[in-house]
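Novice:
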Amino acid sequence: MQKIDDLMERLLESSRSFRKRSGRHVLRTEDVVYCAFSTPGFSVPRALAQRDAARRLTRFGLDRSQVAGRTVLDLGCNAGAMLFELTNRGVLSGRGIEFDLDKVELAREISRLSQLTQLQFEQGDIDRVDAADLGLFDVVLALAIESHVLDQNRLLALLAEVTGQVLCFEGNAGCDIREIGTTLLKLGFDGIEYLGTCDDDLRAANNRRPLLKAWRTRRRSGSRPFPGVSLPSMQSQSAAEVVTHAAMALRAEAAMETSGCAMPGASASPRFPGSKLPNIGGAWRWPVAGCNGIDE
Ligand SMILES: C[S@@+](CC[C@H](N)C(=O)[O-])C[C@H]1O[C@@H](n2cnc3c(N)ncnc32)[C@H](O)[C@@H]1O
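Take any residue in the sequence shown, count from 1 to its spot, add 453: that is its number in our numbering.
(1) Compare the C-alpha of His601 against each of Leu460, Ser518, Asp652 and Arg477 and name the closest.
(2) Apply the 10 Å Cβ neighbour rule to Met535 and answer buried if 16 or more other Cβ atoms are within range, or exposed otherwise.
(3) With hydrogens ignored, establish whether the beta-carbon of Ala752 is closer than 7 Å to any heavy atom of ligand 1.
(4) Going by DSSP in three states, Gly477 sits in which element: helix, strand or coil?
(5) Would you list the one or two residues that DSSP bridges to Cys550?
(6) Please name the residue, chosen from Leu603, Phe537, Arg656 and Val615, that lies closest to Asp591 on a Cα-to-Cα basis.
(7) On a CA-only basis, which of Val497, Glu646 and Leu501 is nearest Thr482? Give me that one, please.
(8) Using a Cβ-Cβ cutoff of less than 6 Å, which residues in the same chain neighbour Leu569 once the five nearest sequence positions on both sides are dropped?
(9) May I have the straight-line CA-CA distance separating Leu664 from Arg523, to the nearest angstrom?
(10) Could you check whether Cys488 and Arg504 sit closer than 8 Å to each other, using their CB atoms as the reference points?
(11) Does the distance from the CB of Leu543 to the CB of Val520 come in under 8 Å?
(12) Give a single yes or no on whether Val752 has its beta carbon closer than 7 Å to a heavy atom of ligand 1.
(13) Any chance the CB of Asn531 is under 7 Å from a heavy atom of ligand 1?
(14) Kindly indicate the opening and closing residues of the alpha helix (DSSP H) around Ala500.
(15) Taking C-beta to C-beta, are Ala595 and Leu637 nearer than 8 Å?
(16) If I follow the unbroken alpha helix (DSSP H) through Leu464, where does it start and stop?
(17) What I want to know is whether the C-beta of Cys488 ends up closer than 7 Å to one or more non-hydrogen atoms of ligand 1.
(18) Just the C-alpha distance for Leu608 and Ser564, rounded to the nearest angstrom, thanks.
(19) Below 8 Å on the Cβ atoms is my contact criterion, and I expect Leu554 with Gln576 to pass it. Report the Cβ-Cβ distance as a whole number of Å.
(20) Can you check whether the CB of Ser567 is closer than 8 Å to the CB of Phe495?
(21) Please report the distance separating the alpha-carbon of Met701 from that of Phe552.
(22) My output table needs one value for Ile645: the three-state DSSP class, helix, strand or coil.
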């Protein structure tokens, strides 16, 4: 019991700040752990956390059918909440990279306590890490880190290198998510789906972080096949159309569970009759740029 209390105390302390581009970001919300999760030996309840890992996975459609038996990389993983929650959905292995050593040590301790031997946490700097050293992962998480790295273009290129199938990207508030999606397409992703903004933050004002899911449909050697992902021919389409059409096709073919992330204005797609697709072309909405007072 003492060990659990001690872990919670240290998580609370560690959550007070994190590394950002210049110096440290101090959270405006006090006495909360950065993100709630659940493992067999240790959990952080939703009420004690700023964010909620289970809800975030649901928003990205990362249910068991999508992640069981797959490899996951989490860049800027904080104390490991997203990877912990993914073990409840059967991931084969998870690797977390985080700048702050105290967070890495906490993540390792929780892994040991809950015997999550499939997880590995390392101290590292995303701005320096080499794609070849990381390797290829079926699923990559890049959540709320884009405004904290020195070079966003380098980050996007890195993500393109290390993603075997699916990239889940959460921008920081005020980022140009349209530009990021377009760049990811240029870097070789085959489809981009905009999922709206996050909705799990304890502070309503923070729920402005845009969510993107980027897909590769051509299997890269070393990555495991994803369920039924393929695209219609789109040679003559503009980048914007590709984004929309790819997202619609992928939603149909991957048959993702989208109940937790319905988009406003969703309706049956005219291009894919019979599917339960949202009409993404008419439903894209974009975050307001330049929000202040946000806990990134
Ligand atoms: C806003 S938090 C997001 C944490 C986690 N990705 C999530 O969404 O739950 C940003 C995290 O990235 C880490 N970070 C910032 N810059 C980094 C860098 N250059 N290399 C590795 N980690 C970094 C911070 O320490 C912090 O834990």
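Backbone N, C-alpha and C define an ideal beta-carbon position, used for all residues, glycine too.
Specialist: Looking at the coordinates:
(1) Arg477
(2) buried
(3) Because the chain is modelled from 454 through 749, residue 752 falls outside the range shown and cannot be assessed.
(4) Here residue 477 turns out to be Arg, not Gly, going by the sequence shown. Correct three-state label for Arg477: strand.
(5) According to the sequence as given, residue 550 is Ile; it is not Cys. In the DSSP output, where bridge partners are listed per residue, Ile550 has Leu528 and Glu575.
(6) Val615
(7) Leu501
(8) Thr540
(9) 21 Å
(10) yes
(11) In the sequence as presented, Leu is not what sits at residue 543; that position holds Gly. A contact, by the Cβ cut-off of 8 Å.
(12) The chain is shown only over 454 to 749; residue 752 falls outside these bounds and no answer can be derived.
(13) yes
(14) It is not in any alpha helix (DSSP H) - Ala500 carries neither H nor E in the DSSP assignment.
(15) no
(16) Gln455 to Ser467
(17) yes
(18) 27 Å
(19) 5 Å
(20) yes
(21) Unreliable placement is indicated for Met701, whose pLDDT of 44 sits below 50; no coordinate value is reported for it.
(22) strand
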